[in-house]
Amino acid sequence: MDGPVSDGLQSLIAASPWPQRAGLRLLLALGRRPRGARLLARAPLAGQVACSMLALGRYDDATVGRMLGWDAAGVVSRGRALRRAEGRP
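If you read the sequence shown in this note's numbering, its first letter stands for residue 189, the second for the next number, and so on.
So, in C-alpha cells, the structure goes:
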C-alpha cells in the first residue's frame, strides 16, 4: 500500500481532533509499511481501520472511483434532476 496519502484523506485527518489525528496518522504510517502491517495484524480492529482508511483515500482518484462504481458527477446530476422534479431549489 505504497504511494502518497491523498489530499482528501489528509484533509479528513487534519479536521479531526488532535488525539484522533495523531492516532490516524500513526495507523496510516503503520498500514503503509510491511512491518507495520504485520504489527497491526496482532490488533485486527486497528489493522482493519488502517486498511479501510488507505482504501478510502483511493476513491479520490476519479478513475478508480468509477471502476468501483462511484461516479461523483453522476450522483450530482441525479440529485439535481430529483430536486428539479420535486420543485425544490
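No residue lacks a Cβ here, since even glycine has one placed at the ideal position from N, Cα and C. Please read these numbers as outputs of a predicted model, since none were measured by experiment.
Whole angstroms are fine: how far does the CA of residue j sit from the CA of residue i?
i	j	result
Asp249	Leu216	18 Å
Pro222	Arg266	41 Å
Arg268	Ala260	12 Å
Leu233	Ser204	19 Å
Arg213	Leu270	39 Å
Val282	Arg254	Any property of residue 282 remains undetermined from this structure, which presents the chain solely from 189 to 277.
Which residues in the same chain have their Cβ closer than 6 Å to the Cβ of residue i, if we skip the five residues on either side of it in sequence?
i	result
Leu197	Gly245
Considering only residues of the same chain and omitting the five flanking positions on each side of residue i, which have a CB-CB separation below 7 Å?
i	result
Val237	Leu215
So, for residue i: in the same chain, excluding its five sequence neighbours on each side, which residues have a beta-carbon less than 8 Å away from its beta-carbon?
i	result
Gly219	Met189, Ala225, Leu228, Gly235, Ala238, Cys239, Met241, Leu242
Ala202	Arg209
Scan the stretch 231 to 277 and note each continuous beta strand (DSSP E) run of 3 residues or more that stays entirely inside, going in chain order. none
Please go through the stretch 200 to 224 and give each complete alpha helix (DSSP H) segment of 4 or more residues, from N-terminal end onward. 206 to 219
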